[in-house]
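Student: Take this structure, written in C-alpha cells, and hold onto it; I'll ask about it next.
Here it is in C-alpha cells:
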C-alpha cells in the first residue's frame, strides 16, 4: 500500500521540479532585458539587428577577398605596395586622419544653438550612415565633443560663431530623410529650442578636412 | 553515534529522495518568485518567437564579430610576414598598423577608469514614464562625452569600442551601440591620463548629469579604478561607400 503512494508522490514532485527548472532556466537565458520589451520594440530590434548583421557579413566577405588577393599576389611574387597604400588610405580616411570628400549634406543651424543639439545631430548623422563629418570646418573624430554656452560654442578648441555649419558625407537622400522626417531630429530640435533654425541641403560634393590633432593613443598600448 | 547511524539507515530511501526534492523545489520557487518580481512581464503568445529571434541574431552577430577580428589578425600577420621584403613595404606596413591603432581597430590596454550605469530601482510614481528611470542612449552618450572632455583617449561600452561612426540609439526600451544590442548594467571602460577620474568628477557637466539622473531618478552610477583597463578592438565595418580621399592624383607619393 505504502510503496505505490510514495512513488506517485515522488513522480508528482519530480514533474513539478522539472517544470520549474525549465521555466527558471528560460527566464535566466532571456534575462537580458528582452522579456520586458513589447512585441513592437522586439520587431524593431530584429529589423535593426538583421541590417547590421548583413553589414558585418559584408565586412567578413570584404576582408576575406583582400586576404585571397594577398595570397594570390604573394604566389605571383608581387610586392604588396599598392594594396598597402589602399589599406592605409582607407583606414586614415575612415578615422579622420586624412581629409575626405564625396556626396552628402550640409546642415546649417542658426540662433543660440546649444552644444547638446550639435552632439544630438552628429549622433543622428552617424545613425543614418554618415561616413565623415565636420562641424564649423573641424573634422569630427572619435571623442570630438562640442562645448560652451549657446552662441559661444567651440569644438576641438575652435570657436564656432553664431551660425554652425555641419557637413556630412554619405548617401544624401538617406541623410536628409533621416533628419527631416516627421518626428525626426530637425523637428525635435525646433520643438525643443524655439529660436533655433535648421536648414538641410543635399550636395553632390562635400569636403571635410583631416583631424587637427593626432589620433595616436598616448597612454594606451596595443594589446598583443 | 551508532544509534543515530541506525536511525538514518532506518529512514526509507524514498523519504530521503523526497526530502531532497522538496528542498530543491523550495529553492526554485523562491528563485522563480524573485525573477518575476522586478518588472512587468509581457506574457502574450507571439512574443516568445520574437525573443528567440533576437537571441539568435545576437548569437550570429557575436560569431560575425569574432570572425572579423580573426580575419583582421590573419591579415596583419600576413603583412608582418611580408614586411621583410624591402624598406618601402616595411614602412608602409608600419604606417598601416599605426593607422589601424588610431582608428580603433586594435585593442588597447592602459591606465583608466570603469564606470557602471544601472537602471533605477526606485518605484516609478504613477503618471511618470518608466523611460526616465532607465539608462537611455542619451545617458550613455553624455557620460561618454564627459569622459572625452576629461581626457579619455579610448572608450568602450559593454565591449563595443567607440569609433568615428558610433551612434547610440534607443529602440523602444532597448539600446544599440555600433551593431550591438546592449543590456544593463552598462560598463564604460576608458583609458586616459591618471588624472582622468579627478577631471571627470570635477566637471560641472558631469556633476549636473549625476544630479539630473542619479539624484532625481535613482539611475545608479558607480566607479572602479583598476590597475589596467582594456578597451577592445572595433569589430565592425570600416568600408567607405561614399567618402573618398580628395583629388587622389594630387596626393604626393610617399
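Residue numbers (this note's numbering), protein chains in the order written: chain A, 5 to 228; chain B, 2 to 255.
Ideal Cβ positions, reconstructed from N, Cα and C, are used throughout, including at glycine.
All of these numbers come straight from a predicted model, not from anything done at the bench.
#1: Touching or not, the region 215–227 of chain A and the region 183–202 of chain B, by the rule of three or more beta carbon pairs under 8 Å?
#2: Along the chain, where does the alpha helix (DSSP H) that runs through residue 147/B open and close?
#3: Here's the rule I'm using: 16 or more other beta-carbon atoms within 10 Å means buried, otherwise exposed. How should residue 155/A be labelled?
#4: Any chance you could list the alpha helix (DSSP H) runs of at least 4 consecutive residues sitting entirely within the region 52–80 of chain A, in chain order?
#5: Going straight from the alpha carbon of residue 199/B to that of residue 153/B, what length do you get?
#6: What is the rounded straight-line gap between the Cα of residue 87/B and the Cα of residue 192/A?
#7: Between residue 127/A and residue 142/B, which are expected to be in contact by the criterion C-beta below 8 Å, what is the C-beta distance as a whole number of angstroms?
#8: Could you give the first and the last residue of the continuous alpha helix (DSSP H) run that contains residue 102/B?
#9: Using C-beta distances below 6 Å, list every residue in its chain close to residue 49/A, excluding the 5 sequence neighbours before and after it, in chain order.
#10: Which residues in the same chain have their Cβ closer than 6 Å to the Cβ of residue 186/B, if we skip the five residues on either side of it in sequence?
#11: Using a Cβ-Cβ cutoff of less than 6 Å, which residues in the same chain neighbour residue 203/A once the five nearest sequence positions on both sides are dropped?
#12: Quick one, are the C-beta atoms of residue 109/A and residue 211/A less than 8 Å apart?
#13: What does residue 154/B reach in chain A if we use C-beta pairs closer than 7 Å?
#14: Of all the residues that make up the region 84–115 of chain A, which are near chain B by a beta-carbon distance shorter than 8 Å?
#15: Would you list the residues sitting across from residue 177/B in a DSSP beta bridge?
#16: On the three-pair Cβ rule with 8 Å, is the region 52–71 of chain A touching the region 176–196 of chain A?
#17: Among the residues of its own chain, which have a CB less than 7 Å from the CB of residue 227/B, if the five just before and after it don't count?
#18: Among 207/B, 97/B and 160/B, whose alpha-carbon lies nearest the alpha-carbon of residue 189/B?
#19: Quick one, are the C-beta atoms of residue 146/A and residue 208/B less than 8 Å apart?
#20: What residue range does the beta strand (DSSP E) around residue 120/B cover?
#21: Please check the pair residue 55/B and residue 38/A, which I expect to be a contact at CB under 8 Å, by giving their CB distance rounded to whole angstroms.
#22: Residue 104/B to residue 124/B, Cα distance in whole Å?
#23: Is any beta-carbon of chain B found at less than 8 Å from that of residue 1/A?
#24: Would the beta-carbon of residue 88/A fall within 8 Å of that of residue 97/B?
#25: By how many angstroms is the C-alpha of residue 68/B removed from the C-alpha of residue 245/B?
#26: On the CB-based measure, 16 or more other CB atoms within 10 Å of its CB, does residue 92/B come out buried or exposed?
#27: Are residue 173/B and residue 45/A closer than 8 Å when you measure CB to CB?
#28: With a cut-off of 8 Å, does the C-beta of residue 86/B fall near any C-beta of chain A?
#29: Could you have a look at residue 187/B and say whether DSSP puts it in helix, strand or coil?
#30: Does residue 221/B come within less than 8 Å of chain A when only Cβ atoms are used?
#31: For residue 172/B and chain A, any beta-carbon pair shorter than 8 Å?
Tutor: On the basis of the coordinates in this document:
#1: yes
#2: 138–150
#3: exposed
#4: none
#5: 12 Å
#6: 56 Å
#7: 6 Å
#8: 88–104
#9: none
#10: 117 and 119
#11: 112
#12: no
#13: 221, 222, 223 and 224
#14: 84, 85, 88, 89, 91, 92, 93, 94, 95, 96, 97, 98, 99, 100, 101, 102, 103, 104, 105, 106, 107 and 108
#15: 170/B and 182/B
#16: no
#17: 115
#18: 160/B
#19: no
#20: From DSSP, residue 120/B is part of no beta strand (DSSP E); its letter is neither H nor E.
#21: 6 Å
#22: 42 Å
#23: The requested residue 1/A is not part of the displayed model; chain A covers only 5 to 228.
#24: yes
#25: 27 Å
#26: exposed
#27: yes
#28: yes
#29: strand
#30: no
#31: yes
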